[in-house]
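**Student:** The following block contains the structure, expressed as structure tokens.
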Amino acid sequence: MRSVVLDTETTGMPVTDGHRIIEIGCVELMGRRLTGRHFHVYLQPDRDSDEGAIGVHGITDEFLKGKPRFAEVADEFFEFINGAQLIIHNAAFDIGFINNEFALMGQTDRADISKHCTILDTLMMARERHPGQRNSLDALCKRYGVDNSGRELHGALLDSEILADVYLTMTGGQTSLSLAGNASDGTGSAEGSGNRPSEIRRLPADRKPTPVIRASEQDLLEHAARLEAIAKSAGAPALWTQLTQQ
Numbered sequence: 020m021r022s023v024v025l026d027t028e029t030t031g032m033p034v035t036d037g038h039r040i041i042e043i044g045c046v047e048l049m050g051r052r053l054t055g056r057h058f059h060v061y062l063q064p065d066r067d068s069d070e071g072a073i074g075v076h077g078i079t080d081e082f083l084k085g086k087p088r089f090a091e092v093a094d095e096f097f098e099f100i101n102g103a104q105l106i107i108h109n110a111a112f113d114i115g116f117i118n119n120e121f122a123l124m125g126q127t128d129r130a131d132i133s134k135h136c137t138i139l140d141t142l143m144m145a146r147e148r149h150p151g152q153r154n155s156l157d158a159l160c161k162r163y164g165v166d167n168s169g170r171e172l173h174g175a176l177l178d179s180e181i182l183a184d185v186y187l188t189m190t191g192g193q194t195s196l197s198l199a200g201n202a203s204d205g206t207g208s209a210e211g212s213g214n215r216p217s218e219i220r221r222l223p224a225d226r227k228p229t230p231v232i233r234a235s236e237q238d239l240l241e242h243a244a245r246l247e248a249i250a251k252s253a254g255a256p257a258l259w260t261q262l263t264q265q
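Next comes the structure, spelled out in structure tokens:
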């Protein structure tokens, strides 16, 4: 599956008050791996940003002067996300703004992105997994050991890269990289040591693939003989055999 992790920054909220997108950041995942492809643009919104919004993302009106308008990048952006699974934290916010931008252009066929993409909201996913807890992106980074030390301000591209790491960790079946035996008592159970997740570091997309060593004919024969021996000893088929026959 091709997925696109997406984030936006805006002049403020809500979209119904005429606020616009000023930054879009996307990173591509293919087969749960970052491909290195991304889409990133700053946009001229033709209106001022609220002071509160600038305090969050740090993108000033002066900085946005001369930047392209959404209409100038709409086709390239749509091509990048079309047909993908969009992974977004608090998806209703971003999707509402994206739909609005296409609607303002009169592109009614694109004004409902859910008709062109599937949407996965990591905020809803986190609330289901961690009810009653804080589930902001920063909170999830702390919970899953994702490094967000460079996130002093919100930024669409940086936040989409961080969210990609959080999503892969949340859905990977492993929430801690701690190893037993790291604790001071040698058991891996000391508070504040063995239970603390290790920092997750992203591997380069162009790294050499891990070699896959397939079983030989001899390996398969020996495996079958071992399963037969287990079945005779236990008086019932081995668990491996039972599972492969389901």
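Following the working numbering, the numbering of the sequence shown begins with 20 at its first residue and continues without gaps. Idealized CB from N, CA, C, for every residue including glycine. Just so it is clear, the structure is predicted and the values come from calculations on it, not from any experiment.
1) For residue 62, which three-state DSSP category applies?
2) Going along the chain, which residues of its own chain have a beta-carbon closer than 8 Å to the beta-carbon of residue 36, five neighbours each way excluded?
3) Can you give the beta carbon distance from residue 114 to residue 45, rounded, assuming they're within the 8 Å contact cut?
4) Can you find the residues in the same chain that come closer than 6 Å, C-beta to C-beta, to residue 34, ignoring five residues on each side of it along the sequence?
5) The alpha helix (DSSP H) with residue 261 in it runs from where to where?
6) Alpha carbon to alpha carbon, how far is residue 71 from residue 215? Give it in angstroms, no decimals.
7) Helix, strand or coil: how does DSSP classify residue 178 here?
8) Rounded to the nearest angstrom, what separates residue 195 and residue 185 at their Cα positions?
9) Kindly indicate which three-state DSSP category residue 92 falls into: helix, strand or coil?
10) Which of the three DSSP states, helix, strand or coil, is assigned to residue 38?
11) For residue 237 and chain B, any beta-carbon pair shorter than 8 Å?
12) Inspect the beta-carbon positions of residue 175 and residue 26 and report whether they are closer than 8 Å.
13) Give the single residue among 75, 93 and 94 whose Cα lies nearest to the Cα of residue 178.
14) Can you grab the Cα-Cα spacing for the pair residue 191 / residue 79, in whole Å?
15) By how many angstroms is the C-alpha of residue 69 removed from the C-alpha of residue 155?
16) Just to confirm, is the Cβ distance from residue 142 to residue 108 under 8 Å?
17) Three-state secondary structure (DSSP) at residue 232?
18) Kindly indicate which three-state DSSP category residue 164 falls into: helix, strand or coil?
19) Compare the Cα-Cα distances from residue 22 to each of 28, 90, 40 and 50 and report the closest residue.
20) Between residue 246 and residue 238, what straight-line distance do the alpha-carbon atoms span, to the nearest angstrom?
21) DSSP on residue 57, reduced to helix/strand/coil?
22) Compare the C-alpha of residue 225 against each of 31, 52 and 38 and name the closest.
23) If we ignore side chains and look at the alpha-carbon of each, how far apart do residue 62 and residue 130 end up?
**Tutor:** Quick look at the numbers:
1) The DSSP-derived three-state label of residue 62 is coil.
2) none
3) The pair is not a contact, with the Cβ atoms about 13 Å apart (cut-off 8 Å).
4) Its chain contains 115, 116 and 119 as the residues whose beta carbon lies nearer than 6 Å to that of residue 34, once the 5 sequence neighbours on both sides are disregarded; these appear in chain order.
5) 258-263
6) Interpretation of residue 215 is limited by its pLDDT of 47, a score under 50 that renders its predicted location unreliable; the figure taken from the coordinates is listed afterwards. Each residue's alpha carbon lies about 35 Å from the other.
7) Helix at residue 178.
8) In this prediction, residue 195 scores a pLDDT of 44, lower than 50, which makes its location untrustworthy; the coordinate-derived value is nonetheless stated afterwards. Those two C-alpha atoms are separated by around 12 Å.
9) In this structure, DSSP gives residue 92 a helical state, which the three-state scheme calls helix.
10) coil
11) Checking the listed chains, one finds no chain B in this structure; it contains a single protein chain.
12) yes
13) 75
14) 38 Å
15) 22 Å
16) yes
17) The three-state reading of DSSP puts residue 232 in coil, since its state is none of H, G, I, E or B.
18) coil
19) 50
20) 12 Å
21) strand
22) 52
23) 18 Å
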